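Taken in order, these protein sequences are the chains called A, B, C and D. If you're matching positions, the first sequence starts at 23 in the numbering used here and goes up one per residue. If you're matching positions, the second sequence starts at 23 in the numbering used here and goes up one per residue. If you're matching positions, the third sequence starts at 23 in the numbering used here and goes up one per residue. If you're matching positions, the fourth sequence starts at 23 in the numbering used here and goes up one per residue. We treat Cβ as the ideally placed atom computed from N, Cα and C, and that holds for glycine. Remember, it's a predicted structure, so these values are computed and weren't measured experimentally. A quick write-up on the structure given underneath.
4 protein chains.
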Amino acid sequence: MSIDMKGSKPLFHRVSYFETDQMSIVHHSNYIRWMEDGRTDYMRQNGVDYAWMETQGVIMPVVSVSCEYKESAFFDEIAEIRTRVAFFNGVRLKFEYEILNEKGHVLVSGKSEHCFLDKASRKPINLYKKLPECCEITARLIKEEEQA
Amino acid sequence: MSIDMKGSKPLFHRVSYFETDQMSIVHHSNYIRWMEDGRTDYMRQNGVDYAWMETQGVIMPVVSVSCEYKESAFFDEIAEIRTRVAFFNGVRLKFEYEILNEKGHVLVSGKSEHCFLDKASRKPINLYKKLPECCEITARLIKEEEQA
Amino acid sequence: MSIDMKGSKPLFHRVSYFETDQMSIVHHSNYIRWMEDGRTDYMRQNGVDYAWMETQGVIMPVVSVSCEYKESAFFDEIAEIRTRVAFFNGVRLKFEYEILNEKGHVLVSGKSEHCFLDKASRKPINLYKKLPECCEITARLIKEEEQA
Amino acid sequence: MSIDMKGSKPLFHRVSYFETDQMSIVHHSNYIRWMEDGRTDYMRQNGVDYAWMETQGVIMPVVSVSCEYKESAFFDEIAEIRTRVAFFNGVRLKFEYEILNEKGHVLVSGKSEHCFLDKASRKPINLYKKLPECCEITARLIKEEEQA
Chain A
23 MSIDMKGSKP
33 LFHRVSYFET
43 DQMSIVHHSN
53 YIRWMEDGRT
63 DYMRQNGVDY
73 AWMETQGVIM
83 PVVSVSCEYK
93 ESAFFDEIAE
103 IRTRVAFFNG
113 VRLKFEYEIL
123 NEKGHVLVSG
133 KSEHCFLDKA
143 SRKPINLYKK
153 LPECCEITAR
163 LIKEEEQA
Chain B
23 MSIDMKGSKP
33 LFHRVSYFET
43 DQMSIVHHSN
53 YIRWMEDGRT
63 DYMRQNGVDY
73 AWMETQGVIM
83 PVVSVSCEYK
93 ESAFFDEIAE
103 IRTRVAFFNG
113 VRLKFEYEIL
123 NEKGHVLVSG
133 KSEHCFLDKA
143 SRKPINLYKK
153 LPECCEITAR
163 LIKEEEQA
Chain C
23 MSIDMKGSKP
33 LFHRVSYFET
43 DQMSIVHHSN
53 YIRWMEDGRT
63 DYMRQNGVDY
73 AWMETQGVIM
83 PVVSVSCEYK
93 ESAFFDEIAE
103 IRTRVAFFNG
113 VRLKFEYEIL
123 NEKGHVLVSG
133 KSEHCFLDKA
143 SRKPINLYKK
153 LPECCEITAR
163 LIKEEEQA
Chain D
23 MSIDMKGSKP
33 LFHRVSYFET
43 DQMSIVHHSN
53 YIRWMEDGRT
63 DYMRQNGVDY
73 AWMETQGVIM
83 PVVSVSCEYK
93 ESAFFDEIAE
103 IRTRVAFFNG
113 VRLKFEYEIL
123 NEKGHVLVSG
133 KSEHCFLDKA
143 SRKPINLYKK
153 LPECCEITAR
163 LIKEEEQA
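Written out as structure tokens, the structure reads:
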């Protein structure tokens, strides 16, 4: 495990039956979804509420995503989703993730990259102009990472 | 099999790996999704395009759904989704479905019931007032059922 | 709300972004999945661990499911999933569900019916012969319902 | 578009309603699933049937996956999924994908990497020892790529 979430708490997720496939493991696409849950939870804990952001007319689509699968999660296990902000400049935002099982094994490590669009026009925006308070928080999270 | 689609064609769906669960069968929730694909396809064939309906400010949420599971679908099989309109009065719309495997066995029979809402206000609407052309088609489909 | 879970706790589920659809509400198929999470959690709390049951060679497929949709759940809300056992005779098991939002509104009420199969042969079994301890618990839950 | 499928046909997929999210676009996790459908279809066309491989005791889990999202797919559109084999040595298999919309725009480009495990023991295997006929086909596909 290499993601230190500082004061923030990881997100815990109990594996649902419908998330398994006939290999009797969690289907790999679900980890991408857990990463989404992880970043939403992490940002909310730190004062950036994505549901609120959308009410302010900002959407944050995924520009790229990648995942390395090391071990499998199984039905009914509790997975731990750890998230950190890896990059932010108002136009692009990157997260990194680790998903662990109850034994502390890293099952998956992942990355995602996001942009910010105006919800109505679907045009790119600089978040510093639209939601500066969210930017300050995000910039602070990055700084804390670097100082650690 | 008891659903006669008249001139309309059933929808064929090859079972995806991610639709299986660790029972090595299709997870039961997916048939609910296939029913959605089935009714969309069936209505489109008959001139009622749901994507277009939404551009006209009408959404058609599900009010109830039910499914009886008789046999299982397996990975890579081709499922046949048969749909018919069972009731329509401008305010409520009901569909019935049968899902068959390649051997012609009925795997699932299902029903769904829908209402019509104004997309912006989320208030119920009578489709006869908003999209009469869609209503005529739907009423005709019902009549053809009854005459059969 | 009409489901009294007695000493058991409801399952709480925060709505994921990927569970929404372009109506900006939770897609109706997801409630079927939450019902599965609900019954698994409810039975585990009462000493019947479905993951363990499968290790004993028993699977419990869904025979039928039904859902009535009254209100919608939205992204990031916390849904409360309430489950009770409605019928059990060793061969068939029925559950009832209510899903509520944070305001206490019943969003969905649902039912599911299950049978028991030998995992290897896929033949029906009577759970009283295979896992009598699970049956006693389930029968007791039913009795508590009736006495309430 | 840069993936030439030679004699093989792309897989066409009509976007389901349940695949959209409240951004009114296809949720990014679904493209990972379409890539799975794409490689299964591509390999089947070329004589390597993954369902059959599993009956021979071989599973092919995903080791890594990555996706770049350029444009969005929308409900009811028909997406074209193009797949090619990028690497194979009996132990690792890599695919590349492009997903296009009806206008021919590349929406997503992706990669996946796979290993081969014995289904029962979950130990890595060299496919050349277990299923040499599948390996010959895959090696030929790679060679055709290189010669092109």
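| Check | Outcome |
| --- | --- |
| Y119(B): contacting residues in chain A (beta-carbon distance under 9 Å) | Those do not exist, as Y119(B) stays about 20 Å from chain A at its closest Cβ, beyond 9 Å. |
| Proximal residues, the stretch 28-41 of chain D versus chain C, C-beta separation under 9 Å | Y39, F40 and E41 |
| Contacts around F97(D), its chain only, beta-carbon distance under 7 Å, and the 5 residues preceding and following it disregarded | V37, Y39 and T42 |
| Alpha carbon of E99(C) to alpha carbon of V48(C), nearest angstrom | 10 Å |
| Touch test, the stretch 83-90 of chain A against the stretch 123-142 of chain A, Cβ-Cβ under 8 Å, three pairs minimum | yes |
| Chain A contact residues for A142(C), given Cβ-Cβ distances below 7 Å | None at all; the shortest Cβ gap to chain A is about 14 Å. |
| Residue of I25(C), Y72(C) and E120(C) minimising C-alpha distance to C156(C) | Y72(C) |
| Stretch-stretch touch, CB-based, cutoff 8 Å, three pairs: the stretch 59-67 of chain B with the stretch 45-60 of chain A | no |
| Contact between the stretch 111-130 of chain D and the stretch 139-158 of chain D (3+ Cβ pairs under 8 Å) | yes |
| Three-state secondary structure (DSSP) of I81(C) | strand |
| Contact list for M45(A) against chain D, beta-carbon separation under 7 Å | I81 and P83 |
| 9 Å Cβ cut-off: residues of chain D touching A95(B) | Neighbours of A95(B) on chain D: none; closest Cβ ~13 Å, over 9 Å. |
| Bridge partners - C137(C), DSSP secondary structure assignment | R114(C) |
| Contacts of H49(A) in chain B (Cβ-Cβ under 8 Å) | Y39 and F40 |
| Any C-beta of chain D under 9 Å from that of C89(A) | yes |
| Beta-bridge pairing of R36(D) - partner residues as DSSP gives them | I100(D) |
| Minimum Cβ-Cβ distance from A73(D) to chain B less than 9 Å | yes |
| Closer than 9 Å to chain B by CB, T62(D) | yes |
| R162(D): contacting residues in chain B (beta-carbon distance under 7 Å) | The premise fails here: R162(D) is roughly 23 Å from chain B at the closest Cβ pair, so nothing lies under 7 Å. |
| Per-residue DSSP class, three states only, for S94(B) | coil |
| Whole-angstrom distance between D140(B) and M82(B), CA atom to CA atom | 9 Å |
| Length of the line joining the Cα atoms of Y119(B) and E102(B) | 10 Å |
| Contact list for R55(D) against chain B, beta-carbon separation under 8 Å | S38 and F40 |
| Boundaries (first-last residue) of the alpha helix (DSSP H) holding L153(C) | Note, L153(C): premise wrong, no alpha helix (DSSP H); not H, not E. |
| Distance between I159(A) and T160(D) (C-alpha atoms, nearest Å) | 50 Å |
| Helix, strand or coil at G60(A) according to DSSP, with G and I counted as helix | helix |
| Bridge partner(s) assigned by DSSP for R106(C) | E118(C) |
| Cβ of N52(A) within 9 Å of any chain D Cβ | yes |
| Proximity of L122(A) and R104(A) at Cβ, strictly below 9 Å | yes |
| Same chain only: Cβ atoms within 7 Å of L163(C), ignoring 5 sequence neighbours per side | N68 and V107 |
| Buried or exposed by the 16-neighbour rule on C-beta atoms within 10 Å, applied to P32(C) | buried |
| Chain B contact for E155(D) (CB, 9 Å cutoff) | no |
| Burial state of A142(B), where buried means 16 or more other Cβ atoms lie within 10 Å | exposed |
| Whole-angstrom distance between G126(B) and M27(B), CA atom to CA atom | 15 Å |
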